[in-house]
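If you read the sequences in order, they're chains A and B. Reading the first sequence from the start, the letters are residues 0 to 402 in numbering that gives the first Met the number 0. Reading the second sequence from the start, the letters are residues 0 to 241 in numbering that gives the first Met the number 0. Using N, Cα and C, we set each Cβ at its ideal position, and we do this for glycine too. The structure displayed is predicted, hence computed values, not measured ones.
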Amino acid sequence: MNLAIRDIRHSVGRFVLTTIGVGMLLMVVMGMGGIYRGLVDDALVVTRGVGADLWVVQRDTRGPFAEVSRLPRSMVDRVATVPGVRDAREFVFHTIQRTHRGKPLRMGVLGLGWPADTGEGLPLIAGRPLGKNHFEMIADETLGLALGERLRLGKEDYEVVGITRWMVTSGGDGIAAFTSRDAQAIQFDEPGESVRLEREARRGRAGEIDFGRTQPGVLELATGVSGAIAALPGPAISAVIARLSPGVEPDAVRRAFSGWGDVTVYTAAQQEELLLKGSVDRARRQILLFRVLLTIISAVIMALIIYTLTLDKLHPIALLKLIGAPNRTIVGLILQQSLIMGAIAYGVGYVIGLRVFPTFPRRVLVTGDDLLRLAGIVMLISVLASLLGIWKAMRVAPNEAIG
Amino acid sequence: MAEPLALETSGLTKVYGSGHTEVIAMRDASMRVRRGEVVALLGPSGAGKSTFLLCVGLINAPTRGRVTIGGRLMQDGSRSLGDLRRFRREHIGFVFQKSNLIPFLSAVENVQVVGELIGKSSSVAKRRAMELLDALGVGRRALNMPTQLSGGEQQRVTVARALANQPSLILADEPTAALDSVRGRQVMELFRDVAHRHGTGIIVVTHDHRALDVFDTIYEMEDGVLKPATPATTPPQRTATH
Ligand SMILES: Nc1ncnc2c1ncn2[C@@H]1O[C@H](COP(=O)(O)OP(=O)(O)O)[C@@H](O)[C@H]1O
Ligand SMILES: [Mg+2]
């Protein structure tokens, strides 16, 4: 005969209500862990998606995900000549905010090194990778764009050909992938007026120098498109990503870049490390701390519940002692109730979480490992929570059952 | 060799409190109960009867004196010898004035739990519990919770529980207070049958003078002093039944 279960059955309503309460607390603990995992996973989805072995970025910057990094497009060809590099591609990444259907639309613009990279490494859930070098895009579902929809960015319309899931910036904005040329066109889109003013200014500057005055062609050139002027750099790319030949050590190749004064090179592992240490680190630590706090709060609340449940049973406990029940029986009664409450609360938290988490604006990624770990923690909490009640029960004298 | 006594106490004294709040609830109480002997303990309220039972039942330690149960010295002054709780569950049965049932167990479970505590299997303990409830006339209420039982029914379940571990000593503190005189007498007769059949020593604190013929021996207590009853205070002994 199990005394713990008999007692629970006797006051089942109260037990169920308190257990649901604890369960919801545990759901929040679970959710916090899931938000944390989601954050980390989101941060890595793009870096992993592009499949780079090495990241070549502007010297002393931490890469395109952490800060602005600018490299000349010619860097792609320089990187490609390094021994051990199988191929090199440009990588463009920046964030823009536009208005779409009357609502602000923030998105990360990812430039893929077309034609080597069409985006098949990205987490597509519908549609296809990029099929031509212009005017197509792959959008994350969080952007709310439909397959086949056209979006005007700068001077061009882009058609959504693919939809991804969980491809977001560390800020949680959806990412859209374009060819790197398109990505740059979007980034450096300048209004006509500003282009005209820039050309006028250029012409003015050229007119003030001897070279400009003596060579009329120069003035002509200054008022033309900037791409035709050899002295002006082309639009910058954010990074160059390199894939290595099979069997080559990434670190060995990285060292080959040590003599290059204009770039810093990271291996894929270092890039992930930078991402986690950099942009999401604070958020991550904050969530972690919050989670620890919530876990402690759950333990305290459970201890108080078990304690009051025990207070209500002091008379029967004294009676059990009087008729000779060993401490084992009494400890078992309280400890089992605590464990049963913990187990049911965990199940309640899980089931509610399963329904609630998908409606969150950012990803809540609850992994099997985390669930298992939390189950262990809940068990530990249950044991600790019962200690206060057990302590009280041990101090009850058998003669308190009479009188 | 003489069989050990069911109970022997010598010089049991209990002092509650100290200084000017000191109460000597019991002084030098000595009693011998043979196996199979049924003892009545009479006395006015506050005489120290409950104090005596609690010391004998190894629930409260006496200030002085010894308690020997079934030949085993269990209490020497305030010093306990051995695992008292274990001894209680194996050898002593209790019935108190206010019914003392575990509220979250049904009638049969309240009795069954005692059997399980001494290591009987759940099914054996349950069968024995049912037999006892039947014998006490509450078999039909076996599945009811204590709050669903009348005071008398609760008390009979308590008596069944006291018998469940087949104790060598049963201590009952006004067990029939909640029963009508017919039921009260039935319980007293049940005690006597159990005592005579199993050799159990039984001490019953009672105010019911009509049932005194059931008892083998009668003690009186007043102002903490225990002594055998004088014929003047007790009605003629059980001539009718023997
Ligand atoms: N826990 C206690 N603390 C102090 N005094 C007590 C305590 N229990 C009983 N007494 C006193 O001891 C005396 C005997 O009490 P009790 O044994 O309950 O008498 P009875 O059961 O014969 O009515 C009474 O004067 C009572 O007030
Ligand atoms: Mg009393």
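Residue 212(B) sits away from residue 38(B), with the two beta carbons spaced by 9 Å or more. Residue 277(A) and residue 187(A) have their C-alpha atoms some 26 Å from each other. Summarising the contact set, residues whose Cβ lies nearer than 5 Å to any heavy atom of ligand 1 are, in chain order, 15(B), 22(B), 24(B), 44(B), 45(B), 46(B), 47(B), 48(B), 49(B), 50(B). In this structure, the beta-carbon distance from residue 70(A) to residue 55(A) falls below 9 Å. Between ligand 2 and residue 154(B), a heavy atom-to-CB distance of less than 8 Å is absent.
In the three-state DSSP reduction, residue 379(A) falls in the helix class (H, G or I). Counting only runs of at least 4 residues, the region 233-276 of chain A fully encloses the following alpha helix (DSSP H) elements, listed from N- to C-terminal order: 249-255, 267-276. Cβ-Cβ distances below 7 Å link residue 100(B) to 109, 145, 153, 156, 157 in the same chain, with the five nearest sequence neighbours on each side left out; the list follows chain order. Under the three-state reduction of DSSP, residue 208(B) is assigned to helix. Taking every protein chain shown into account, the CB of residue 326(A) has fewer than 16 other CB atoms within 10 angstroms, so this residue is exposed. In terms of beta-carbon proximity, residue 357(A) stays away from the interface with chain B, with every pair separated by 9 Å or more.
Between ligand 2 and residue 377(A), a heavy atom-to-CB distance of less than 8 Å is absent. Residue 4(A) sits away from residue 344(A), with the two beta carbons spaced by 9 Å or more. Using a CB distance cut-off of 9 Å, residue 301(A) does not count as an interface residue toward chain B. Judged by beta-carbon spacing, residue 130(B) lies beyond the 9 Å limit of residue 121(B), meaning their Cβ atoms are not closer than that value. In this structure, 29(B) is the residue among 218(B), 29(B), 161(B), 195(B) with its C-alpha nearest to the C-alpha of residue 6(B). Nearest CB-CB separation between residue 102(B) and chain A: below the 9 Å threshold. Interface residue (Cβ-Cβ distance to chain B less than 9 Å): residue 337(A) is not classified as such.
In the three-state reduction of the DSSP assignment, residue 39(B) falls in the strand class, which pools E and B. Within the same chain, 96, 97 come within 8 Å of residue 103(A) by CB-CB distance, once the 5 residues on both sides are set aside. A residue is called buried when at least 16 other Cβ atoms come within 10 angstroms of its Cβ; residue 59(B) meets this threshold and is buried. With contacts defined as CB atoms closer than 9 Å, residue 91(B) and residue 323(A) qualify as a contacting pair. Here the distance from the Cβ of residue 96(B) to the nearest heavy atom of ligand 2 is below 8 Å.
If you look at residue 152(A), you'll find it in the beta strand (DSSP E) that goes 149-152.
In the DSSP secondary-structure assignment, residue 94(A) is bridged to 107(A). With fewer than 16 other Cβ atoms from the protein chains shown falling within 10 Å of its own Cβ, residue 359(A) counts as exposed. Ligand 2 approaches residue 172(B) closely enough that one of its heavy atoms is under 8 Å from the residue's Cβ.
Among the residues of chain B, those whose CB is under 9 Å from the CB of residue 318(A) are 99, 100, 101, following chain order. Counting every other CB atom within 10 Å of its CB across the protein chains shown gives residue 73(A) a total below 16, marking it as exposed. In the DSSP annotation of this structure, the continuous segment of the alpha helix (DSSP H) that includes residue 50(B) starts and ends at 48-55.
For ligand 2, no non-hydrogen atom lies closer than 8 Å to the CB of residue 55(B).
Close to residue 143(B), with beta-carbon spacing below 9 Å, lies no residue of chain A; the smallest spacing is near 13 Å.
Chain-order list of chain B residues neighbouring residue 0(A): 104, 108, 111, 112, 115, 121, 124, 125, by C-beta distance under 9 Å. Put simply, of 191(B), 207(B), 196(B) the residue whose alpha carbon is nearest the alpha carbon of residue 177(B) is 207(B). No Cβ-Cβ contact shorter than 9 Å links residue 73(B) with residue 51(B). For the 9 Å CB-CB criterion, residue 321(A) and residue 398(A) form a contact.
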